[in-house]
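Below is one structure, written out as structure tokens; the observations come after it.
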Amino acid sequence: MLDRVANATDDDLRLSDNPFHSDAIRAVAAAALIAAQCPGGPPVISGYGPTKPMPQFPAYLRNLAVIALDRVTTAPSWLAEYWDETTDGFEWRRTISELRRVLDPPQQESLFDL
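For the sequence shown, our numbering begins at 966 and goes up steadily by one.
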């Protein structure tokens, strides 16, 4: 599902038969589960979350989750449009940004190797 969102066309992101059961929402949930296993990742606390511990996810899923988050937060994503029209839109975007930061942390640059 992450790969479907990451590789979705603009039309795929704009349209959904049932927006509240879409791949876009599932991609955000999957990204949150993956981020929870990263250093500094926020725990997933939800009545809708897994009831059993999740297996360790492969590292390559981090990059896929970042791409999927980027797709669902930019135009023409119906999910971004939906949240932007709510009073909680800013908080949603902040949460997505935090997930993205955990999944793809900024690299520290050094001027030279020691």
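All residues carry an ideal CB built from backbone N, CA and C; glycine is no exception.
Here the structure is a predicted model, which means the values were calculated and not measured.
Note down, in chain order, each residue of its chain lying with its Cβ closer than 7 Å to the Cβ of Asp982, except the 5 sequence neighbours on either side.
Confidence in Asp982 is poor, its pLDDT being 49 and thus under 50, which makes the residue's placement too unreliable to answer from.
Determine whether the beta carbon atoms of Ala1033 and Ala994 lie at a separation below 8 Å.
no
Sort Arg1065, Pro1071, Phe1055 and Gln1073 by Cα distance to Ile999 and report the nearest one.
Arg1065
With a CB to CB cut of under 7 Å and the five nearest residues on each side skipped, what residues in its chain are close to Ala996?
Ala1030, Ala1033, Leu1034, Leu1064 and Leu1068
Expressed to the nearest angstrom, what Euclidean distance is found between the alpha-carbon atoms of Thr1038 and Arg969?
Between the alpha carbons of Thr1038 and Arg969 lies a gap of roughly 15 Å.
Shortest alpha-carbon distance to Pro1004 belongs to which of Ala1024, Lys1017, Thr1060 and Ile1010?
Ala1024
Which of the three DSSP states, helix, strand or coil, is assigned to Tyr1047?
It is helical.
Assuming the contact rule is C-beta atoms closer than 8 Å, Asp1043 and Trp1057 should be a hit. Round their C-beta distance to whole Å, please.
One point to set straight first is that residue 1043 is Trp, not Asp, in the sequence displayed. Not quite, the Cβ-Cβ distance comes to about 14 Å (not below 8 Å), so this is no contact.
Please tell me whether, using a cut-off of 7 Å, the distance from the CB of Glu1056 to the nearest non-hydrogen atom of the ligand NAD is below it.
The model on display carries no ligand, and the ligand NAD is accordingly not part of it.
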